[in-house]
Amino acid sequence: MGYYTYIIAAVVVMIWSFAVQANLKSKVSKGSKIRASSGITANQVVQQMLRDHEIYGITIEHKPGQMTDCYSPKEGKIYLSDTTYGQDTISAIAIAAHECGHAIQDKENMPLYEFRQLLAPAASIASKAGPWIVIIGVLLSAYASRSNSDIGYAISTIGIVVYFVAFLFYLVMLPVERNASSRAYKDMKTSGWVSDDQLSLAHKVLRAAGDTYAVALASSAVTLLRLIAIRGGKRR
Ligand SMILES: [Zn+2]
């Protein structure tokens, strides 16, 4: 990938990222102003959804902050943020149902979910370490003798492989997140927690949240291609 192609790709992803963030903010805030027609709270949604899917032993806890909602399989907990915990808004219910979607994926041993869990710790290290390893290899190639130049190239290649683990994580994350949202939507549709109008807003909230993972994947792809370009060809 040429330098200008990279700049264009990076700028496009950046603009897209801003648009996705703005859309998410707007959808979540819209959904936070409307209370579910049934009056059910996010906590009750979690309890009911888990029971319906015969999942037991998971507790709900408040995690202070914004967008801190998550399912922790290790702790057997579903954490709900300030705007979700105990709230009866459309956004709160959609987000709580999405987290239950992850608990169901876990219970069903969904292969992609398990793969994501496996990759998660390595991916966080790989995304930071990969680029540095590539740079060390490139510096070695540029300033060392001919024989060390081959070593530099090999080191850079290792850096690319390391970063690929992070890319793979984002690649797996996107369908896992979309799947958790479609499970949430399915249950919201059949449960009667919200009215039909509210259901379409809930769908938009879930969709907007899912788009952030598409941006993360695109951004990671651009970085991966850039690292390959930085490494360049073997010195002759
Ligand atoms: Zn999720």
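Going by our numbering, the first residue of the sequence shown is number 4, and it counts up by one from there.
Using N, Cα and C, we set each Cβ at its ideal position, and we do this for glycine too.
Per DSSP, the unbroken beta strand (DSSP E) holding Lys80 starts and ends at 80-83. Scanning Ser35, Ile128, Tyr6, Arg119 for the CA closest to the CA of Val165 turns up Ile128. Rounded to whole angstroms, the Cβ separation of Arg234 and Val179 is 30 Å, and the two are not in contact under 8 Å.
Counting only residues of its own chain and dropping the five nearest sequence neighbours on each side, Val141 has a CB closer than 8 Å to the CB of Gly155, Ser159, Ile233, Arg234, Gly235. Sequence-distant partners of Lys30 (beyond 5 residues in either direction) whose C-beta falls short of 6 Å from its own C-beta, in its chain, are Lys207, Val208, Ala211. Closer than 7 Å to some heavy atom of ligand 1: that describes the Cβ of His105. Ligand 1 approaches Glu180 closely enough that one of its heavy atoms is under 7 Å from the residue's Cβ. Buried is the label assigned to Pro134, since at least 16 other Cβ atoms lie within 10 Å of its Cβ. Secondary structure note for Thr8: its alpha helix (DSSP H) is the uninterrupted segment 6-36. Ranking Cys103, Ile161, Ile139 by CA distance to the CA of Asp190 puts Cys103 first. A direct Cα-Cα distance of roughly 7 Å separates Ala39 from Trp196. The closest CA to that of Glu64, considering only Val175, His56, Tyr74, Glu57, is found on Tyr74. Not a single heavy atom of ligand 1 lies less than 7 Å from the C-beta of Ala187. The beta-carbon separation of Asp91 and Pro67, rounded to 19 Å, does not stay under the 8 Å limit for a contact.
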